[in-house]
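K.L.:
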Amino acid sequence: MIYVEEKDFNRQIELLSYISSGKDLNVCAWLYPESDALKLAGSDVIENNISLIPVTTYENGFIPKCTAPVKASIDSINLFSAAFNELKKHCDSLALYKNNESSWLVATIGHEGMCLVQDDSLLSNLIQAGFSAKAEAPEWW
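So that you can map any letter, position 100 of the sequence shown is 109 in the working numbering, and since no number is skipped, the others follow by simple counting.
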């Protein structure tokens, strides 16, 4: 696991853009349990009946809702970027998924200021791209 401490929302979005560039990935937002949003960043909010693994797990077994996954492109990621206020209120995390895979590849957890990348081979590329990426979790995590 790669840990990228990044408090700035725009930098979190840049990380999603950087990793998804030229790849066939989908992006979705995971909502807080108490959120009653029906749409978020232009996407419908759905029950997780598509078997995606959420970024955050809850002790009581609660399965959060997510936005319908869309192809991760400059346009779709910009929609999430433009929805900062909505996301701050309703969204626990943003995640990238490979097509037909249930596990997330990359997640940004905005309120924690943390981005997680499952693919350890990306560490040097992320550092070269200017992200504060580390193979070790910070002490507070």
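Note that the Cβ used here is the ideal one computed from N, Cα and C, for glycine as well.
Note that the coordinates shown come from a computational prediction; the quantities given were computed from them, not determined experimentally.
Using the three-state DSSP reduction, which class does I11 fall into: helix, strand or coil?
P.N.:
I11: strand per DSSP, three-state reduction.
K.L.:
Could you give the first and the last residue of the continuous beta strand (DSSP E) run that contains D101?
P.N.:
Segment C100 to K107, the beta strand (DSSP E) holding D101.
K.L.:
With distances taken from CA atoms, which of N87, T76, W113 and A91 is nearest A46?
P.N.:
It is T76 whose Cα lies nearest to the Cα of A46.
K.L.:
Is L49 near H99, with beta carbons less than 7 Å apart?
P.N.:
A contact, by the Cβ cut-off of 7 Å.
K.L.:
State buried or exposed for D84, treating a residue as buried only when at least 16 other CB atoms are found within 10 Å of its CB.
P.N.:
By the neighbour-count rule (16 or more Cβ atoms within 10 Å), D84 is not buried but exposed.
K.L.:
Roughly how many angstroms separate the alpha carbons of D128 and N35, rounded to a whole number?
P.N.:
So the alpha carbons of these two residues sit roughly 16 Å apart.
K.L.:
Could you spell out the range, first to last residue, of the alpha helix (DSSP H) harbouring N87?
P.N.:
Element bounds for N87: I83 to A91.
K.L.:
Alpha carbon to alpha carbon, how far is N94 from Q21? Give it in angstroms, no decimals.
P.N.:
Cα-Cα distance, rounded: 15 Å.
K.L.:
Hey, would you say C124 sits closer than 7 Å to E15, going by beta carbons?
P.N.:
Going by C-beta atoms, C124 is nearer than 7 Å to E15.
K.L.:
Can you list, in chain order, the residues of its chain whose CB lies under 8 Å from that of C37, leaving out five sequence neighbours each side?
P.N.:
Taken in chain order, the residues that qualify are S52, L61, C75, T76, A77, P78, V79, L103, A104 and Y106.
K.L.:
Near S44, which residues of its chain fall below 6 Å by C-beta distance, leaving aside the five closest residues on each side in sequence?
P.N.:
Same-chain partners within the cutoff: H99.
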